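To start, the structure itself, in C-alpha cells.
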Amino acid sequence: MKVAIVDDDPIVCSSLSTILLQSGGVEVLWTATDGERAVEEYRSNAPDVLLMDVQMPGGNGLDAARLILKDDAQARVLFLTTFSDRAYIEEALAIGGKGYLIKQDVSSVLPAVRAVMAGQIVLGAQALSQLPLSGNERGSAPASAEPDRFAALSQRERDIAGLIAEGLDNHEIAARLFLSEGTVRNRISDMLSKLGMTNRTQLAIMWIRAQQA
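Quick note on the working numbering: the sequence shown kicks off at 3 and runs consecutively.
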C-alpha cells in the first residue's frame, strides 16, 4: 500500500512515516508541507491513500484535495488534522474525502488508512460528534438508537446505504447491484424522505454510526 503524507509540520510527517513504515506493508511515497506541493507531487506520483492536513500555508488541504479530486475522482484522501470544526468536516466529505480524523491517537491512523484503502469512509468519534443527522441543530440521536432508524428501509435500500457509506456514486452503485442509475437515484430519494434527511452525506454518517453502535 502506497501512502503520501501532507502536513505543515515536518516532524509530524516524519513521525507518521515512521509509524506507517514500521507496520509493514506500507510504503511512504513522499511527504509535503503545503497544499500546492501536494498537488504537484500527486500528479507525478499518485499514492493509494493520501493523508492530508487541513490548515497549511501555501495552499490549504481542502483546496488541494479539491484540485486532486478534480484530476482524479478515484483519489482516496483521508484528512488528519487538529481542527474539529463542523464546517471543515462537512466540506471535506462534500468534496469527496474518504475520511476525517482528529490528531489525538496516532494508533488509529494505520487502521483508518487500511479502511480507506478497502473502500470505506472513516470518521473519528470526535468528527462524528460534530455532524448532525437531521435538521435538528441541538443534537443527534444516540448511537444506540441508530440501528432502529434503518427499520423503515428495505434490504435493497440498506444495501444502497452501505455502498453510499463506502463512497460509491450512483453509477458505481448501479453497476454493483445490477440496477439502472435512475432506479438508484429514485431509491436514494425515497430513503432520504423516509429518514428525514436532506443529503447522502447524512445517510453515510448514519450508516457508519449504526455499524459502530
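Even for Gly, the Cβ is constructed at its ideal location relative to N, Cα and C. Predicted model only: the values in this text are computed from it and were never measured.
Next item on the list: Pick out whichever of D192, T200, P59, G63 has its Cα sitting closest to the Cα of L53.
Entry: Ranked by Cα distance from L53, the options D192, T200, P59, G63 are led by G63.
Notebook entry, point to check: Between V56, K72, L69, which lies nearest to R88 when the distance is taken from Cα to Cα?
Noted result: Nearest to R88 by C-alpha distance, out of V56, K72, L69, is V56.
Notebook entry, point to check: Straight-line CA distance for L69 to R78?
Noted result: L69 and R78: Cα-Cα distance of roughly 13 Å.
Next item on the list: Please report the residue range of the beta strand (DSSP E) in which I7 lies.
Entry: 4 to 8 is the extent of the beta strand (DSSP E) around I7.
Next item on the list: Quickly, what does DSSP pair I13 with across the bridge? List them, please.
Entry: I13 pairs with nothing; no bridge assigned.
Note to self: Measuring alpha carbon to alpha carbon, tell me which residue in D161, N47, R178, L181 is nearest E29.
What the structure shows: Closest in C-alpha terms to E29, from the list D161, N47, R178, L181, comes N47.
Next item on the list: Return the CA-CA distance between A96 and D192, expressed in angstroms with no decimal places.
Entry: Near 21 Å, if we compare the C-alpha coordinates of D192 and A96.
Notebook entry, point to check: Using CA coordinates, which residue listed in M3, R187, Y90 is at the minimum distance from L23?
Noted result: Checked all of M3, R187, Y90; the closest Cα to L23 is M3.
Note to self: Comparing C-alpha positions only, which one of S110, T203, R211, I7 sits nearest to E93?
What the structure shows: Considering only alpha carbons, the answer is T203.
Notebook entry, point to check: Since M119 is in the beta strand (DSSP E), which residue starts that stretch and which ends it?
Noted result: Segment 111 to 119 is the alpha helix (DSSP H) holding M119; no beta strand (DSSP E) there.
Next item on the list: Whole angstroms is fine: what's the gap from W32's alpha carbon to A6's?
Entry: Approximately 5 Å, taken between the alpha carbons.
Check: Are the beta-carbon atoms of A117 and L103 separated by less than 8 Å?
Finding: No, they are not a contact pair.
Note to self: Just to confirm before moving on: does the CB-CB distance between I162 and V186 stay below 8 Å?
What the structure shows: For I162 and V186, yes; Cβs fall inside 8 Å.
Margin query: Could you compute how far the alpha carbon of I210 sits from the alpha carbon of D36?
Written below: Whole-angstrom Cα-Cα distance: 30 Å.
Next item on the list: State the CB to CB distance for the pair G101 and A67, rounded to an integer number of angstroms; the pair is presumed to be in contact (CB under 8 Å).
Entry: That pair is no contact at about 12 Å.
Note to self: How far does the alpha helix (DSSP H) with L64 in it extend, from its first residue to its last?
What the structure shows: From DSSP, the alpha helix (DSSP H) with L64 extends over 63 to 73.
Notebook entry, point to check: Is DSSP giving E93 helix, strand or coil here?
Noted result: Under the three-state reduction of DSSP output, E93 falls in the helix class.
Next item on the list: Using only alpha-carbon positions, find the residue among G27, R160, A34 that is nearest to E43.
Entry: When the alpha-carbon of E43 is set against those of G27, R160, A34, the nearest one is in A34.
Notebook entry, point to check: For V51, which beta-bridge partners are listed by DSSP?
Noted result: For V51, which the question treats as bridged, DSSP gives the partners V5.
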